[in-house]
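Enquirer: If you count by my numbering, then the sequence shown holds residues 14 to 527, one letter each, in order. A virtual CB, placed ideally from N, CA and C, is assigned to each residue, including glycine. Just so it is clear, the structure is predicted and the values come from calculations on it, not from any experiment.
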Amino acid sequence: MSADLWEGFNASLDPESITGPVWDEPVPLNPRRELPTFPVHALPDWLSGMVAGVAEETQTPVDLAGCLALAVLATAAGGRATVHVRGHWREPVNLYTAVALPPGNRKSAVFTLMTSPLLAAEKALVELSGPRRAEAETTARLARSAADKAADKAAAAEPGLRDQLAAEAVHLAQQADEMTVPAKPQLVADDVTPESLATLVADQDGRMSVMSAEGEIFDIIAGRYSGTPNMGIFLKGHAGDMVRVNRQGREAQHVEAPAITMGLAIQPEVLDALGRVKGADGRGLLARFLYAKPLSLVGSRNLTPELLPEETADAYAKRLGGLTLALADWTDPAVLTLTPDADAVLLAYQKVTESRIGKGRSLHPVIKWASKRDGAVARIAGLLHLATHPDNGWMVPIEAATMAAATEVGDYFTAHALEVFDAMGADPAQEAARQVLTHLKEQRLSGFTKRELFRALPRGDFRAMTDLDPALTLLEEHGWVRQHPLPPRTGKGGRPPSPRFDTHPSMTPPLTTG
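(1) Hey, quick one: how far does the alpha helix (DSSP H) through Q199 stretch, first residue to last?
(2) Please report the distance separating the alpha-carbon of A445 from that of A484.
(3) Let me know if T71 comes out buried or exposed under the rule of 16 or more other beta-carbons within 10 Å of its beta-carbon.
(4) Assuming Q280 contacts P115 (C-beta within less than 8 Å), just tell me the rounded distance between them.
(5) Starting from E104, trace the alpha helix (DSSP H) in both directions and tell me its first and last residue.
(6) Which same chain residues, not among the five before or five after A113, have their C-beta less than 6 Å away from its C-beta?
(7) Out of L86, L56, W382, which one is the CA nearest neighbour of L131?
(8) Would you decide whether Q177 is buried or exposed? Buried here means 16 or more other CB atoms lie within 10 Å of its CB.
(9) Is the beta carbon of F51 closer than 9 Å to that of Y329?
(10) For M221, which residues does DSSP report across the bridge?
(11) State the DSSP-derived secondary structure class of D345, mapped to helix, strand or coil.
(12) To which residues of the same chain is L396 closer than 8 Å at the C-beta, ignoring the five residues directly before and after it?
(13) Helix, strand or coil: how does DSSP classify S519 here?
(14) Let me check understanding here. Comparing Cα to Cα, which of A211, V205, A153 lies closest to L185?
(15) Between the Cα of G100 and the Cα atoms of Q266, D58, V40, D356, which residue gives the shortest distance?
(16) Excluding sequence positions up to five away, which residues of its chain have a Cβ less than 7 Å from the Cβ of M221?
(17) Is L470 closer than 9 Å to H452 when the C-beta atoms are compared?
(18) Rank E324, Q217, M520 by C-alpha distance to the C-alpha of E135 and give the top, closest one.
(19) Please classify G228 as buried or exposed, where buried requires at least 16 neighbouring CB atoms within 10 angstroms.
(20) Could you work out which residue in W382, A159, V449 is closest to A300 when comparing CA atoms only?
(21) Below 8 Å, how does it come out for the region 405 to 418 and the region 339 to 352: are there three or more Cβ pairs, yes or no?
(22) So within the region 68 to 114, which uninterrupted alpha helix (DSSP H) runs reach at least 4 residues, ignoring any that extend past its ends?
(23) Give the straight-line distance between the Cα atoms of V494 and T516, rounded to the nearest whole angstrom.
(24) Pull up the distance between the alpha-carbon of M192 and that of A164, whole angstroms please.
(25) Which of the three DSSP states is assigned to F51 in this structure?
(26) Quick check: the Cα distance between I380 and I370, rounded to an integer number of angstroms?
(27) Looking at P74 and A400, is the spacing between their C-beta atoms short of 9 Å?
(28) Hey, T350 and I411: beta-carbon distance below 9 Å or not?
(29) Please list the terminal residues of the continuous beta strand (DSSP E) segment that includes A300.
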């Protein structure tokens, strides 16, 4: 065979001449980090048992109940205890937690189970304070009535007695104004405006908790009602900075050390939207939250799970309710101290943080969040300590084992914070491309048209076919799909054919039979 004939024969066997252009190995999209699961074993037995039991019965990630466990502890103790680390460094024990989970993950059921003892304690506080509030209301009403009668008497008096009676009326009026009626106790609020939250904090002796299975509070912070972001109370309520509360018809009130707790479960896209709120990053709101972004169990849930043991729920309610009631009437916060060994554990953790926040180091991309990491660990240690010693935690120091458990929880939140902040700064096309790629793999499609893809995907995710363009472009750049050349226009009018794509052969492996 001549050389020319041999070359022609080889060309006839070229894969491209038979199957089209050869596919290269596709480039993976940015993979999701392998995130740790909430360290349930770091919690005291009565709390870890509840967290594990709730997660099992509801078939939800243990992260949701675990983060809520910290939030309910912070609700019970927030504003009533501080951790004295060393020198002038003190940390209040209120926390902001946010768990990101898609719809359908039974967030409301978990919230109900984890917060019910708080609401029961709140009801008990209302009943216990009833007589005191009734007495104060009656006394204030009588004092106002006496002041009004004295004013009327002074107004009708002869000139010689008017000055004396007027002075008495003024004195009675001042006494009436100084009388206060205690507000009805409230531990938990739902989605409230910043102004309402500030009023609640003032009424409730400087503390309040916002617990919600939805993310509407972020819309409110972003300015749903005012049109502009309003995050001042949320910034000060986390740090314990003085808040001035102005109320219509009343003098301004100062709250010296507000303590706000937030325990939220939100949809993942809410976090992305929060990252775009003007000032949320620059003013430090994002850095105040402890984030969790667990994998959803939807699609792999056990439909006949073990039910939450009644004794576990009873122990949880008794311990949490008892701690809440024990601290409710504290006017000056309990100061929780550290043993020398506990202080050494925290100091070692601080050194790790400091070594990782420098430029080019692992925590530098989240430096604002990481700068609050050690303080968050001290707060968590205070909560775990009170949960371990609910009857006398304010009388004994925090031990090294408790601090070590708190650092483990801190490492958990660190890994999730890195993922969350990465997602906030990511190209929106990344998530869309990942969703399209998952669909193509699940359906084992070797090819598709753009119109077919649009019709097959959830309409709420892609409202128009043009919304697919960034995702398809990214997938083509990474070698997962390849668009056919568009056919030439015929000039006959009508709707042009939908672009057609081939998928990488790895997405349609041959089915094997057992």
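Expert: On the basis of the coordinates in this document:
(1) By one-based count along the sequence shown, residue 199 stands at place 186. Looking at the DSSP string, Q199 is not in any alpha helix (DSSP H), and its letter there is neither H nor E.
(2) In the sequence shown, the residue the question calls residue 445 occupies position 432. In the sequence shown, the residue the question calls residue 484 occupies position 471. Taking the straight line joining both Cα atoms gives about 6 Å.
(3) Taking the sequence shown and counting its residues from 1, the one referred to as residue 71 is at position 58. Looking at its Cβ environment, which holds 16 or more other Cβ atoms inside 10 Å, T71 is buried.
(4) Here residue 280 corresponds to residue number 267 of the sequence shown, with the count starting at 1. Here residue 115 corresponds to residue number 102 of the sequence shown, with the count starting at 1. The Cβ separation is near 6 Å, so the contact holds.
(5) In the sequence shown, residue 104 corresponds to position 91, counting from 1. Segment 102 to 105 is the beta strand (DSSP E) holding E104; no alpha helix (DSSP H) there.
(6) Translated into the one-based positions of the sequence shown, residue 113 becomes position 100. I279, P281, L284, K306, listed in sequence order.
(7) Counted from its first residue, the sequence shown places residue 131 at position 118. Nearest C-alpha to L131: L86.
(8) Within the sequence shown, numbered from 1, the residue matching residue 177 stands at position 164. Exposed.
(9) Along the sequence shown, read from residue 1 onward, the residue named residue 329 stands at position 316. Along the sequence shown, read from residue 1 onward, the residue named residue 51 stands at position 38. It is not a contact, given that the beta carbons lie outside the stated cut-off.
(10) Counted from its first residue, the sequence shown places residue 221 at position 208. M221 is bridged to I273.
(11) In the sequence shown, counting from the first residue as 1, residue 345 sits at position 332. Three-state result, D345: coil.
(12) In the sequence shown, counting from the first residue as 1, residue 396 sits at position 383. Hits under 8 Å: L83, L86, A87, A90, V106, L108.
(13) Position 506 of the sequence shown, counted from the start, is the residue given in the question as residue 519. It is helical.
(14) Against the sequence shown, residue 185 aligns to sequence position 172. Checking every option, the nearest Cα to that of L185 belongs to A153.
(15) Along the sequence shown, one-based indexing puts residue 100 at 87. Comparing Cα positions, the closest option is D356.
(16) On the sequence shown, residue 221 is found 208 positions in, with the first residue counted as 1. A202, L210, L213, V214, I273.
(17) For this step, residue 452 is matched to residue 439 along the sequence shown. For this step, residue 470 is matched to residue 457 along the sequence shown. Taking 9 Å as the Cβ cut-off, H452 and L470 qualify as a contacting pair.
(18) By 1-based counting over the sequence shown, the position of residue 135 is 122. Residue nearest to E135 within the set E324, Q217, M520 is Q217 (criterion: CA-CA distance).
(19) Position 215 of the sequence shown, counting from 1, holds the residue named residue 228. Counting Cβ neighbours within 10 Å, G228 comes out buried, since at least 16 surround it.
(20) Position 287 of the sequence shown, counted from the first residue, corresponds to residue 300. It is W382.
(21) Cβ pair count under 8 Å is three or more, so yes.
(22) 75 to 90
(23) As a working mapping, residue 494 is identified with position 481 in the sequence shown. As a working mapping, residue 516 is identified with position 503 in the sequence shown. Approximately 4 Å between the Cα atoms of the pair.
(24) Start at 1 with the first residue of the sequence shown, and residue 192 comes out as number 179. Start at 1 with the first residue of the sequence shown, and residue 164 comes out as number 151. Distance between the alpha carbons of M192 and A164: 18 Å.
(25) As a first step, residue 51 is located in the sequence shown; it is residue number 38 there, counting from the start. It is coil, neither helix nor strand.
(26) Looking up residue 380 in the sequence shown gives position 367. Looking up residue 370 in the sequence shown gives position 357. Annotation: I380 to I370 spans about 6 Å, alpha carbon to alpha carbon.
(27) Position 387 of the sequence shown holds residue 400. Position 61 of the sequence shown holds residue 74. No; because the gap between Cβ atoms is not below 9 Å, this pair is not in contact.
(28) By one-based count along the sequence shown, residue 350 stands at place 337. By one-based count along the sequence shown, residue 411 stands at place 398. Cβ distance < 9 Å, so T350 and I411 count as in contact.
(29) Position 287 of the sequence shown holds residue 300. Note, A300: premise wrong, no beta strand (DSSP E); not H, not E.
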